[in-house]
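Just below is one structure, and these are the notes that go with it.
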Amino acid sequence: MSLSFEARQKVTYALLKEMKKRTENPIVTISNKFDISKQTIYRYAQTLEKEGFIRVDRSGKSNVYSLSEREVHKSFNIDGLEEDVVWRDYVLPLIKDVPKNVLQVCSYGFTEMLNNAIDHSDAKKVYIDVTEDAVSIEFMIRDYGIGIFTKIQQALGLEDPKHSILELAKGKFTTDPARHSGEGIFFTSRMFDLFYIRSCELQFLSERNKGKDYLYEDLDKEDLKKGTCVIMEIEKDSDVVIKDVFDMFTAKDDESFGFSKTYIPVRLAKHEGEMLVSRSQAKRLIRRFDRFMEVILDFKDVTEIGQAFADELFRVFPSDHPNVELIPKNMSEDVHKMVMRAMSNRTIQ
Ligand SMILES: Nc1ncnc2c1ncn2[C@@H]1O[C@H](COP(=O)(O)OP(=O)(O)O)[C@@H](O)[C@H]1O
Ligand SMILES: [Mg+2]
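Residue 44 is where the sequence shown starts when you use my numbering, and the numbers rise one by one after that.
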């Protein structure tokens, strides 16, 4: 029995995704997953090869499949550069066969990140790569300017550039409040499937729906000593809708429907080997919470917190800021106890 056109497309797309992951034997995996014979899947692979979507290396014991990529590099002088013109004239024509929702995310993310290089980097040039294959689209925007984490560190007088990552994760952070709102990185990182910022030998990584906002330290790459490199990737069948992402960060009582709710992975406040115990760590976390109506605090990967940290966060801060609702999530038993203890002290004057 042969499959309908739609079913065949679905299987082919799954096969392409599997090939992109470079798993050992994508033909067998997909054959098992959809309960379709290996011969049939193999024929699909042959068609994909003929049509130029994949490459097959037959030199080893078993075939190795990879997706064909189209890659375009461009560089521009920043002086007088306009992000929407670059998008329209150079990038949009390269993006083929993508649904409207994905195109809108690409347009938003690309122009926001290019605008950042233009407005914030103090660099003279910006380098852009667009890479497309059958499954996804990736953008890289690279400048050799001041470096994002250094810029934020200097603006806030932070003792360590690593603390800049926490500020970016909170959102609404900008070094230029007269002309900017501090939303670009926050929202772009939540729309793309993968989003990295590399700078200063540090990396901020966000993977949509996987709850990851990791700080990778010590990338130790000579090339990352200067400037900022942003990489973002989205799969062509992504179901993300820009408006829904904005709506996710509007507090329930916000009548102006603005960016009034944020989500913070608490683990970003601690560094390798550290425990969250002190008031100063809590104050670092709390900084700029008052710009939001709701703050979700995700304690995933934070197994314990100290009494002073909990007291500052859940008693002192709320008594000074009754209009900001703190919503702790994913608490371990120990963290939960500390939070309850701090909250119960709220009423004791
Ligand atoms: N390429 C860059 N080089 C240096 N600093 C940057 C760069 N991109 C972003 N930044 C810093 O990160 C901050 C946040 O960026 P973003 O979220 O886009 O907000 P906004 O552009 O509205 O300020 C900027 O205000 C700026 O300080
Ligand atoms: Mg911006």
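Glycine residues also receive a C-beta, built at the ideal position from the N, C-alpha and C atoms. No experiment lies behind these values; they were computed from the predicted model shown.
Counting along the chain, no alpha helix (DSSP H) covers Lys304; the unbroken beta strand (DSSP E) around it starts and ends at Lys304 to Pro308. In the three-state DSSP reduction, Pro136 falls in the helix class (H, G or I). Residue environment for Ile370: exposed (fewer than 16 other C-beta atoms within 10 angstroms of its C-beta).
Distances taken from the Cβ of Gly188 to the heavy atoms of ligand 2 include none shorter than 7 Å. Across the structure, Asp236 and Leu137 are spaced so that their CA atoms are roughly 20 Å apart. Take Ile79, set aside five residues on each side of it, and the residues of its chain with a beta-carbon closer than 8 Å to its own are Leu46, Val54 and Ile73, in chain order. Between the segment 269–285 and the segment 225–241, the count of Cβ pairs shorter than 8 Å is three or higher; the stretches touch.
Ser242 and Phe192 do touch by the CB rule: their CB atoms are close to 5 Å apart, below 8 Å. Unbroken alpha helix (DSSP H) stretches of 4 residues or longer found wholly inside the segment 321–353: 322–329, given in chain order. The alpha-carbon of Gln246 is positioned some 12 Å away from that of Lys268. Excluding residues up to 5 positions away in sequence, Asp280 lie with their Cβ nearer than 7 Å to the Cβ of Tyr56 in the same chain. About 7 Å separates the beta carbons of Phe230 and Phe289, which is inside the 8 Å limit, making them a contact pair.
Counting only residues of its own chain and dropping the five nearest sequence neighbours on each side, Arg330 has no CB closer than 7 Å to any other CB. Scanning Lys213, Asp140 and Thr66 for the CA closest to the CA of Leu340 turns up Lys213. Here Asn144 has Ser281, Asp282, Val283, Val284 and Ile285 as same chain residues with Cβ atoms under 8 Å from its own Cβ, once five neighbours each way along the sequence are excluded. Per DSSP, the unbroken beta strand (DSSP E) holding Glu278 starts and ends at Thr271 to Glu278.
In this structure, DSSP gives Lys295 a state outside helix and strand, which the three-state scheme calls coil. For His364, the CB stays at least 7 Å from every heavy atom of ligand 2. For Ile274, the shortest separation between its Cβ and any heavy atom of ligand 1 does not lie below 7 Å. Taking a cut-off of 8 Å on C-beta distances, the segment 117–124 touches the segment 168–177, as three or more cross pairs fall below it. Taking a 10 Å sphere around the C-beta of Gly200, we find fewer than 16 other C-beta atoms and assign the residue as exposed.
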